[in-house]
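Report on the following structure.
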Amino acid sequence: MDGFRALATEELQTLDNNHHLHPFTDSKVLHDIGTRIVTHAEGIYVWDSDGNRIIDGMAGLWCVNVGYGREELADTAVRQLRQLPYYNTFFMTSHPPVIDLSEQLAKVTPASFNHIFLTNSGSEANDTVIRMVRQYWSIRGKPEKSVIISRHNAYHGSTVGAASLGGMHDMHVQGGLPIPDIRHIQQPYWYQEGGDLNPDEFGLKAAQALEQEILEVGESKIAAFIAEPIQGAGGVIVPPDSYWPEISRICEQYEILLVVDEVICGFGRTGKWFATDYYDLKPDLMVMAKGLSSGYLPIACVAVSDSVAEVLIEIGGEFAHGFTYSGHPVSCAVAAENIRILQREKIIENVDQSTGPYFQQQLRNLESHPLVGEVRGIGLIAGIEIVEDKQARRRFDSELKVGIRCRDFAARRGLIMRAVRDSMVLSPPLIITKSQIDDLVDIARDSLDDILHDLNN
Ligand SMILES: *Cc1c(COP(=O)(O)O)cnc(C)c1O
2 MDGFRALATE ELQTLDNNHH LHPFTDSKVL HDIGTRIVTH AEGIYVWDSD
52 GNRIIDGMAG LWCVNVGYGR EELADTAVRQ LRQLPYYNTF FMTSHPPVID
102 LSEQLAKVTP ASFNHIFLTN SGSEANDTVI RMVRQYWSIR GKPEKSVIIS
152 RHNAYHGSTV GAASLGGMHD MHVQGGLPIP DIRHIQQPYW YQEGGDLNPD
202 EFGLKAAQAL EQEILEVGES KIAAFIAEPI QGAGGVIVPP DSYWPEISRI
252 CEQYEILLVV DEVICGFGRT GKWFATDYYD LKPDLMVMAK GLSSGYLPIA
302 CVAVSDSVAE VLIEIGGEFA HGFTYSGHPV SCAVAAENIR ILQREKIIEN
352 VDQSTGPYFQ QQLRNLESHP LVGEVRGIGL IAGIEIVEDK QARRRFDSEL
402 KVGIRCRDFA ARRGLIMRAV RDSMVLSPPL IITKSQIDDL VDIARDSLDD
452 ILHDLNN
């Protein structure tokens, strides 16, 4: 049996190598190592083709919030596939699932949000943001307001528009990005960039970079500022407490729109429905994806606040934008049921009051480990920063690939973590229990010991 399974894995790997080009992957390296093949999943666990059970400490890619194996979502999808597998929402038509989901979203978002534009991915939603904010200012007679300010090391997706909004250098150098009129300011990454300032001093300074940019470019040219409340793919960067209030002040003082990218934080990750609630923000647009359907089907959206929606609807005319699958009935039905699961089982309240604080507290204990410079996070999202010198906040030489090695040790021990540089990042399904958190933290600690041992030998 074992032999047969091993053979099956190899065959799958060979076929994968022969025909499948992976996203964000060096194919040559992958072909040497061989990919891990995941065959099934339940709760917080995935199983690979060799039969290993692994804790999914990343909830897929920050998305499987309600956990794997949800019969309700499977049943909903099958029912909708039978009833109406597809219809478009372009030509004065609609259908019950898209109407239901839009109403559900209006209810769970802050009171000022009552309109939803649907897309299939976070990237498409952020491309929609670029077109929508420029269209908004154009309708208001200020077409010169077209510059969007974002941040270095931000992640907003991988299409031409979304990757331009993002601040990932490695993405910009491939394909001539960013597109014009996107600018990037400093990120609020105190551990790496804070120098001698304390976190709050640094948070203020990083926020004031927005004001400087506005003054430099000219308020009359700026359409919007976009940011993730907590940077995810950038390494789970939680801004100092002083950061968001100062950003809010600046956005209120100047005539620009605030766009909050809730793709990771939305749907309970921080213990609130949205990080907008956690940080008490007043955005004009909110971008959602991932947790919207817990990853069961592709769907994403831009939530539009009343003040923006009024302009678009009352005087905007046709917004010449949309996707064949905007408001896909099956994805909408699954997303609406996913929201009902979050409500029915009080999953977000549990993260807020019980598992979130417990997860943060248990992970903070790792700060006594010789390799851990900082543990940061809120609710069920966290980053563990591995460093060579804690005092100087200095990382290991990147050639040593300490993060990747730690990740691989963890996988062998039964935990999927992700390495961003040398930050180990975690974002488990929101249904994780306290005893499962104990298991997760134990494996994380053992993996840190593994890499410490490896470095010393
Ligand atoms: C993943 C992500 C996106 C892009 O979503 P896709 O569905 O992969 O296109 C956008 N913003 C943030 C913050 C993300 O984490």
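In the working numbering, the protein residues as written are 2 to 458. Glycine included, C-beta positions come from ideal geometry on N, C-alpha and C. None of these values were measured; they are calculated from a predicted model.
For residue i, the nearest candidate out of the options (CA to CA)
i, options, result
"residue 161", "267, 59, 177 and 453", "177"
"residue 245", "383, 261 and 235", "261"
"residue 312", "281, 174, 203 and 134", "134"
"residue 37", "172, 51 and 330", "51"
"residue 239", "192, 267 and 120", "192"
"residue 67", "116, 334, 136 and 269", "269"
"residue 138", "55, 113 and 256", "256"
"residue 145", "276, 366 and 225", "225"
"residue 1", "456, 370 and 429", "Past the boundaries of the shown model lies residue 1; the chain is included only from 2 to 458, so the question cannot be answered."
"residue 53", "275, 417, 431 and 429", "417"
"residue 142", "413, 221 and 276", "221"
"residue 129", "9, 14, 94 and 327", "327"
"residue 148", "314, 131 and 267", "131"
"residue 182", "429, 237, 59 and 218", "218"
"residue 31", "17, 208, 296 and 109", "17"
"residue 289", "121, 432 and 190", "121"
"residue 1", "243, 99, 180 and 325", "Since the first residue of the chain shown is 2 and the last is 458, residue 1 is not available in this structure."
"residue 186", "155, 19, 107 and 91", "155"
"residue 251", "230, 214 and 296", "214"
"residue 175", "409, 25, 34 and 200", "25"
"residue 126", "19, 41 and 287", "287"
Limits of the unbroken beta strand (DSSP E) element including residue i
i, result
"residue 262", "258-262"
"residue 302", "301-306"
"residue 274", "Premise fails: residue 274 is in no beta strand (DSSP E) and is neither H nor E."
"residue 57", "54-57"
"residue 419", "419-421"
"residue 425", "424-427"
Sequence-distant residues of the same chain with beta carbon closer than 7 Å to residue i, five excluded per side
i, result
"residue 443", "none"
"residue 405", "420"
"residue 438", "356, 359, 360 and 363"
"residue 338", "73, 74 and 77"
"residue 248", "208 and 211"
"residue 376", "364, 365, 367, 368, 383 and 385"
"residue 96", "85, 88 and 330"
Proximal residues to residue i (C-beta, below 6 Å), its chain only, five neighbours per side dropped
i, result
"residue 5", "With a pLDDT of 43 at residue 5, under the threshold of 50, the predicted position of this residue should be treated as unreliable, and no value is reported."
"residue 12", "none"
"residue 285", "258, 259, 306 and 309"
"residue 15", "none"
Test item: CB-CB of residue i and residue j under 9 Å
i, j, result
"residue 272", "residue 343", "no"
"residue 216", "residue 150", "no"
"residue 47", "residue 55", "yes"
"residue 165", "residue 173", "yes"
"residue 264", "residue 158", "yes"
"residue 349", "residue 274", "yes"
"residue 329", "residue 298", "yes"
"residue 208", "residue 194", "no"
"residue 232", "residue 279", "no"
"residue 431", "residue 385", "no"
"residue 1", "residue 302", "Because the chain spans 2 through 458 in this model, residue 1 falls outside it and cannot be assessed."
"residue 94", "residue 87", "no"
Cutoff 8 Å; reference residue i; Cβ partners in own chain excluding five residues on either side
i, result
"residue 387", "372, 373, 374, 396, 397, 403, 404, 407, 423, 424, 425, 449 and 452"
"residue 2", "Note that residue 2 scores a pLDDT of 41, beneath 50, so its modelled location is shaky; the value from the coordinates is reported in the next line. Hits under 8 Å: none found."
"residue 435", "355, 356 and 359"
"residue 458", "none"
"residue 446", "367 and 370"
"residue 460", "The shown model of the chain, from 2 to 458, leaves out residue 460, and the question about it has no answer."
Element boundaries [alpha helix (DSSP H), containing residue i]
i, result
"residue 133", "123-140"
"residue 357", "357-365"
"residue 203", "200-218"
"residue 383", "Premise fails: residue 383 lies in the beta strand (DSSP E), 382-387, not in any alpha helix (DSSP H)."
"residue 377", "Premise fails: residue 377 lies in the beta strand (DSSP E), 373-379, not in any alpha helix (DSSP H)."
"residue 119", "First-last for residue 119: 114-120, but that is the beta strand (DSSP E), not the alpha helix (DSSP H)."
"residue 108", "97-109"
"residue 246", "244-254"
"residue 172", "170-173"
Bridge-paired residues (DSSP) for residue i
i, result
"residue 232", "238"
"residue 80", "DSSP output for residue 80 lists no bridge partner at all."
"residue 151", "185"
"residue 289", "302"
"residue 48", "41 and 54"
"residue 74", "Per DSSP, none; premise fails for residue 74."
"residue 226", "150 and 259"
"residue 395", "390"
"residue 31", "DSSP lists no partner for residue 31."
"residue 69", "44"
"residue 416", "56"
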